[in-house]
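Enquirer:
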Amino acid sequence: MADEPMQDGDSQLSNDDITMAGPEAVTSTSNGAGGQGEEGESDDDEFPSSRPQHTQPSSSPDAAPSSPLDAGRISLKASDPEILRSFYQRLFPWRHLFQWLNHSPTPTNDFAHREFALTLQNDVWRRYMSYPTSDLMRKEMLNLLPSRIEIGPVYTTNPRDRKTIRNASAFKPIAKELCFDIDLTDYDEIRTCCDKANICQKCWRFMVMASKVVDAALREDFGFKHIMWVYSGRRGIHAWVCDKKVRTMDDQKRRAVANYLEVIKGGSQGGKKVNLRRPLHPHISRSLDILAPYFQTDVLATQDPWLDADRAAHLLTLLPDRPLTTALQNKWDASPGRSSASKWADIDAVAKSGASKSLDARQLLEAKQDIVLEYTYPRLDIEVSKKLNHLLKSPFVIHPGTGRVCVPIDPRRLDDFDPLAVPTVQELLAEIDEWKGEGGSDDGAAVKEEGRTNIQDWEKTSLKPYVEYFRTFVLTLMKDERDTRVKREREDAGGMDF
Ligand SMILES: [Zn+2]
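Throughout the sequence shown, residue numbering follows the working numbering, covering 1446 to 1943 in sequence.
Shown next, in the form of structure tokens:
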């Protein structure tokens, strides 16, 4: 469906003088293939397939070189208006975003009453923005060039009209995806490779563990199906649970799910953070099964969290039985620099050596389970999950610091996902210009062979797999909602039929 009518190359060529101006001119060319109200049928112009020398917009007549490949542009910051305009015009998947939030190809209030919050170029934050269609949203984004777009809930009425409603309490949030936010800054106590906003492939493994545990619980324990994981662009991940029955959950239900998933508790300083009742809840047992292999490789071997004496001292505070911890302390004092894997193995070895007469084997096992969880279990920012009206950054927005796109992560490729390999907006714009056709030639022959007159700009870039995954996710969600609706309508009709 994404291959449908678009302007062909020729009409783009004839429009070059129009597209060279500012956002006004850009919008004037964007109705080329179909108008409003046909979101499912037409592709409007949201992915212009374009020869760069003709469509790269310039914010001023002086900005003569029109190619993003131009050295001057590639050095522009990700939040530069010119970069954002090119990105929103050529790469941002507006129509898929619309369908994702609208749950249907035809505009509904699911989209029209949805709040968007925009951070504008002057750092002004505008809340309660809303749009009837993806085309109108795209037009306004090309005008405003927000550095950040956040998604809020669907309201009882259009959020833009909230002040004109006589009864203010009639303006209420009624639906939103259930969201989870996991951020590596909450892992500073247990990661040794980086801290604060920094991340690397080593500590990213904590995000892999976190998403696997949360994903399994949401699917197996709650029966949710439409769960999308998104890289936040710098140091974390978001989950969007989009099932219809989830979207209408009230705050109380959201809190219940969040509390169910919360295991790591307590402040950021010291202390025991995992206190679980036995026998373990099946969710915790399953999580331990998922996490155990990661604990061996990514925690013990890679992070080596108890290498230095201070951190090893924390490990000892988590173990029961004074004679055992004293024996371990003596052993480790005698061999400075002993690895975390060895120290972990020492616990059982010393316990079995009979160093302690009072040791309770079950208590030790449980303490070790708690330690595995403390060093692997997801650290959730559960405030994000608890409230229907919480705002969360939209997928495909650019992180202003890193320039990376907030891309959805295909869960089947979770283990291989490398946040540092996610393309930056500057790289993507350069890729459009470098693209030489699928056969490697720049005459478009390979394209024509497939009977396609246009390749969309995102297809020419490394954004392609992410947009394709998003499209598949959205189509599956829409199909599910349509099937449910059709089934209900059939049942209704069946009831009338005598
Ligand atoms: Zn790291």
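Beta carbons: idealized from backbone N, C-alpha and C, even for Gly.
Three Cβ pairs or more, each shorter than 8 Å: is that satisfied between the segment 1838 to 1850 and the segment 1753 to 1769?
Expert: No, because fewer than three Cβ pairs between the segment 1838 to 1850 and the segment 1753 to 1769 fall closer than 8 Å, the two stretches do not touch.
Enquirer: For the segment 1713 to 1762, which segments carrying the alpha helix (DSSP H) assignment without a break, of at least 4 residues, lie completely within its bounds, in sequence order?
Expert: Those alpha helix (DSSP H) runs which fall completely within the segment 1713 to 1762 and span 4+ residues are 1727 to 1739 and 1754 to 1762.
Enquirer: For L1521, does the count of other Cβ atoms within 10 angstroms reach 16, so buried, or fall short, so exposed?
Expert: One-based indexing of the sequence shown puts residue 1521 at position 76. Burial call: buried.
Enquirer: In chain order, what residues of the same chain lie with their CB nearer than 6 Å to the CB of E1815, ignoring the 5 residues before and after it?
Expert: Position 370 of the sequence shown, counted from the first residue, corresponds to residue 1815. A small fix is needed here, since residue 1815 is Asp in this sequence, not Glu. Correct list, in chain order: V1719.
Enquirer: Do P1577 and Y1600 count as a contact pair if the criterion is CB distance below 8 Å?
Expert: Position 155 of the sequence shown, counted from the first residue, corresponds to residue 1600. Position 132 of the sequence shown, counted from the first residue, corresponds to residue 1577. Cβ distance not < 8 Å, so Y1600 and P1577 don't count as in contact.
Enquirer: Do you know how far the Cα of L1589 is from the Cα of R1935?
Expert: Reading the sequence shown from its first residue, position 490 is the one you call residue 1935. Reading the sequence shown from its first residue, position 144 is the one you call residue 1589. Those two C-alpha atoms are separated by around 44 Å.
Enquirer: Nearest to D1743 by CA position, among A1615, I1682 and Y1822, is which residue?
Expert: Indexing the sequence shown from 1 puts residue 1743 at position 298. Residue Y1822 is the option with its Cα nearest to D1743.
Enquirer: Confirm the yes/no value for this check: CB of R1636, any heavy atom of ligand 1, distance under 7 Å.
Expert: Working through the sequence shown from its first residue, we reach residue 1636 at position 191. Flag set: Cβ of R1636 near ligand 1.
Enquirer: Is it buried or exposed for T1500, if we count other Cβ within 10 angstroms and need 16 for buried?
Expert: Your numbering for residue 1500 matches position 55 in the sequence shown. With a pLDDT of 37 at T1500, under the threshold of 50, the modelled position of that residue is not reliable, and no figure is offered here.
Enquirer: Terminal residues of the continuous alpha helix (DSSP H) containing F1625?
Expert: Locating residue 1625 in the sequence shown gives position 180, where the first residue counts as 1. Unbroken run through F1625 is the beta strand (DSSP E), L1623 to D1628; no alpha helix (DSSP H).
Enquirer: Pick from E1585, N1567 and D1568: whose alpha carbon is nearest that of M1574?
Expert: Counted from its first residue, the sequence shown places residue 1574 at position 129. Comparing Cα-Cα distances from M1574 to each of E1585, N1567 and D1568, the minimum goes to E1585.
Enquirer: According to DSSP, simplified to helix, strand and coil, what is L1809?
Expert: Reading the sequence shown from its first residue, position 364 is the one you call residue 1809. Three-state DSSP puts L1809 in a helix.
Enquirer: Under three-state DSSP, which class holds Y1820?
Expert: Reading the sequence shown from its first residue, position 375 is the one you call residue 1820. In the structure shown, Y1820 sits in coil (DSSP, three-state: anything other than H, G, I, E or B).
Enquirer: Helix, strand or coil, according to DSSP, for F1561 in the structure here?
Expert: As a working mapping, residue 1561 is identified with position 116 in the sequence shown. DSSP places F1561 in strand when its eight states are reduced to three.
Enquirer: Tell me, please, whether the segment 1682 to 1689 touches the segment 1618 to 1627 by the rule of three or more beta-carbon pairs shorter than 8 Å.
Expert: With a cut-off of 8 Å, the segment 1618 to 1627 and the segment 1682 to 1689 count as touching, because enough Cβ pairs lie within range.
Enquirer: Identify every run of the alpha helix (DSSP H) within the segment 1521 to 1571, keeping only runs that are complete inside it and at least 4 residues long; order them along the chain.
Expert: Taking only runs of at least 4 residues, the alpha helix (DSSP H) segments lying wholly in the segment 1521 to 1571 are 1526 to 1535, 1539 to 1547 and 1554 to 1557.
Enquirer: So, using beta-carbon positions, are P1598 and N1834 closer together than 8 Å?
Expert: In the sequence shown, the residue the question calls residue 1598 occupies position 153. In the sequence shown, the residue the question calls residue 1834 occupies position 389. Cβ atoms of P1598 and N1834: closer than 8 Å.
Enquirer: If we ignore side chains and look at the alpha-carbon of each, how far apart do D1766 and Y1632 end up?
Expert: The residue given as residue 1766 occupies position 321 in the sequence shown. The residue given as residue 1632 occupies position 187 in the sequence shown. Rounded to whole angstroms, D1766 to Y1632 spans 28 Å at the Cα level.
Enquirer: For a minimum of 4 consecutive residues, which ranges assigned as the alpha helix (DSSP H) are wholly contained in the segment 1598 to 1686?
Expert: You should have 1646 to 1661.
Enquirer: Taking the alpha helix (DSSP H) that K1690 belongs to, which residues open and close that run?
Expert: For the purposes of this step, residue 1690 is taken as the residue at position 245 of the sequence shown. Per DSSP, K1690 belongs to the alpha helix (DSSP H) from K1689 to R1692.
Enquirer: At 4 residues or longer, and completely inside the segment 1837 to 1918: list those alpha helix (DSSP H) runs for me, N to C.
Expert: If we require 4 residues or more, the alpha helix (DSSP H) runs fully inside the segment 1837 to 1918 come out as 1870 to 1879 and 1890 to 1894.
Enquirer: Using the three-state DSSP reduction, which class does L1706 fall into: helix, strand or coil?
Expert: For the purposes of this step, residue 1706 is taken as residue 261 along the sequence shown, with counting starting at 1. The answer is helix: DSSP assigns L1706 an H, G or I state.
Enquirer: V1658 and S1732 look like a contact to me (Cβ under 8 Å); what is the Cβ gap, rounded to whole Å?
Expert: If you number the sequence shown from 1, residue 1658 lands on position 213. If you number the sequence shown from 1, residue 1732 lands on position 287. The pair is a contact, with the Cβ atoms about 5 Å apart (cut-off 8 Å).
Enquirer: State the beta-bridge partners of I1596 as determined by DSSP.
Expert: Mapped onto the sequence shown, residue 1596 falls at position 151. Bridge partners of I1596: F1561 and L1837.
Enquirer: Can you tell me where the alpha helix (DSSP H) holding D1778 begins and where it ends?
Expert: Against the sequence shown, residue 1778 aligns to sequence position 333. First-last of the alpha helix (DSSP H) with D1778: R1767 to A1779.
Enquirer: So, does the segment 1548 to 1566 touch the segment 1793 to 1807, judging by three or more C-beta pairs under 8 Å?
Expert: Taking 8 Å as the limit for Cβ pairs, the verdict is that the segment 1793 to 1807 does not touch the segment 1548 to 1566.
Enquirer: I'd like to confirm something about K1647: is its beta-carbon nearer than 7 Å to some heavy atom of ligand 1, or not?
Expert: Locating residue 1647 in the sequence shown gives position 202, counting from the first residue. Within the cutoff, so yes.
Enquirer: Check each candidate in E1819, V1708 and R1722 and name the one with the smallest Cα separation from L1763.
Expert: Position 318 of the sequence shown, counted from the start, is the residue given in the question as residue 1763. The shortest Cα separation from L1763 among E1819, V1708 and R1722 belongs to E1819.
Enquirer: Helix, strand or coil, according to DSSP, for L1804 in the structure here?
Expert: Residue mapping note: residue 1804 aligns to position 359 of the sequence shown, counting from 1. Coil at L1804, not helix or strand.
Enquirer: Is R1824 near I1709, with beta carbons less than 8 Å apart?
Expert: As a position in the sequence shown, residue 1824 is number 379, starting the count at 1. As a position in the sequence shown, residue 1709 is number 264, starting the count at 1. In contact: R1824 and I1709 (Cβ atoms closer than 8 Å).
Enquirer: Taking the alpha-carbon positions, what's the A1812 to S1656 distance?
Expert: Locating residue 1812 in the sequence shown gives position 367, counting from the first residue. Locating residue 1656 in the sequence shown gives position 211, counting from the first residue. Their Cα atoms are separated by approximately 24 Å.
Enquirer: Assign L1764 to one of three DSSP states: helix, strand, or coil.
Expert: Along the sequence shown, read from residue 1 onward, the residue named residue 1764 stands at position 319. Three-state DSSP puts L1764 in coil, outside helix and strand.
Enquirer: Excluding the five sequence neighbours on either side, which residues of its own chain have a C-beta within less than 6 Å of the C-beta of L1922, listed in chain order?
Expert: Translated into the one-based positions of the sequence shown, residue 1922 becomes position 477. Closer than 6 Å at Cβ, skipping near neighbours: H1671 and C1687.
Enquirer: Between the alpha carbons of R1679 and C1639, how many angstroms are there, rounded?
Expert: Position 234 of the sequence shown holds residue 1679. Position 194 of the sequence shown holds residue 1639. Looking at the two C-alpha atoms, the distance is approximately 13 Å.
Enquirer: Using CA atoms only, rank isn't needed, just tell me which of I1735, K1924 and I1594 is closest to E1560.
Expert: In the sequence shown, counting from the first residue as 1, residue 1560 sits at position 115. Among I1735, K1924 and I1594, the Cα nearest to that of E1560 is on I1594.
Enquirer: Please look up how many angstroms separate the CB atoms of A1615 and L1836, rounded, as I've assumed it's under 8 Å.
Expert: The residue given as residue 1615 occupies position 170 in the sequence shown. The residue given as residue 1836 occupies position 391 in the sequence shown. Actually they are not in contact, since the Cβ atoms of A1615 and L1836 sit about 21 Å apart, beyond 8 Å.
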